[in-house]
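Worksheet: one structure, shown below.
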């Protein structure tokens, strides 16, 4: 199998698994979002340590600078918010709203690049961001409140991406350090749940315990697959694949969980999808404009 083909399959598998998350977290009930998150972190650390022990080892950790450690600590805080809000959203019956967060995430990332890094946007990108902003207003009116879950997911993951861009270490290594920062708080949460008798781990049968452990595996495996894809296939391919997860999540929310979608919400989501189309087409055209001169220069 070619390197590019294996990278595409790894990316496809990662986004398919992320798309199926709304079917997994409800299986962990009656555990609450905080307990699920704590176990998700704990078992992610266990798996990542095992993977690194048989692959890259841990010597690379000595070479981390203070700046890299600080950025990874910030990334850990951001991804904790993202994971926790996603679990809460899914298990509280807001799967469609969680999908909205990942539909608008690329547009939020672009907006943050302008505000934080000072990048300049093309006209079509500005148009996509403006359409998404109108969509958020429409959805705010449709829900009777701002879509807090979606916005929290989009902005937390957007800032997470900006921070990770500055770190410059491998995907598996990076996630291992991030989850290591979260290990002590996760263990304290688990100890507290156990001590107060409010925890479900070990009290709901072996099947439930295995599913809680599986939450860590379900977290780490897609991240490792994505890390493989990121270095083997073009960013444009990843950009197209990233919409697979929210499309699946939206389908699960409406088709499986039976969440209501009155006409105003359809209008809001329609605007979001229009923004995504404008953004994607512009990205593909921009890459094509860069690729053609490069190809001609190579031939000459």
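In this note's numbering, the protein residues as written are 18 to 317. The beta carbon of each residue, even a glycine, is placed where N, CA and C say it ideally should be. Since we're looking at a predicted model, the values are computed, not measured.
The C-beta distance from residue 121 to residue 171 rounds to 5 angstroms, short enough to fall under 8 angstroms.
Contact between the stretch 245-265 and the stretch 93-113 is absent, with fewer than three C-beta pairs closer than 8 angstroms. Inter-residue distance for residue 177 and residue 117 is about 18 angstroms (C-alpha atoms, whole angstroms). DSSP places residue 119 in the uninterrupted alpha helix (DSSP H) bounded by 112-129. With respect to residue 274, residue 112 sits close: the two C-beta atoms are nearer than 8 angstroms.
Ranking 28, 180, 165 and 296 by CA distance to the CA of residue 148 puts 296 first.
Residue 173: member of the alpha helix (DSSP H) spanning 165-184, first to last residue. The Cβ-Cβ distance between residue 159 and residue 279 falls below 8 angstroms.
The C-beta distance from residue 58 to residue 203 rounds to 4 angstroms, short enough to fall under 8 angstroms. The beta carbon of residue 230 sits closer than 6 angstroms to the beta carbons of 60 from its chain, once the five residues preceding and following it are set aside; these are given in chain order. If you draw a 10 Å sphere on the C-beta of residue 108, you find 16 or more other C-beta atoms in it, and that means buried. Straight through space, the alpha carbons of residue 94 and residue 169 are spaced by roughly 13 angstroms. Residue 195: member of the alpha helix (DSSP H) spanning 188-213, first to last residue. Residue state for residue 218 is assigned as coil, using DSSP reduced to three classes.
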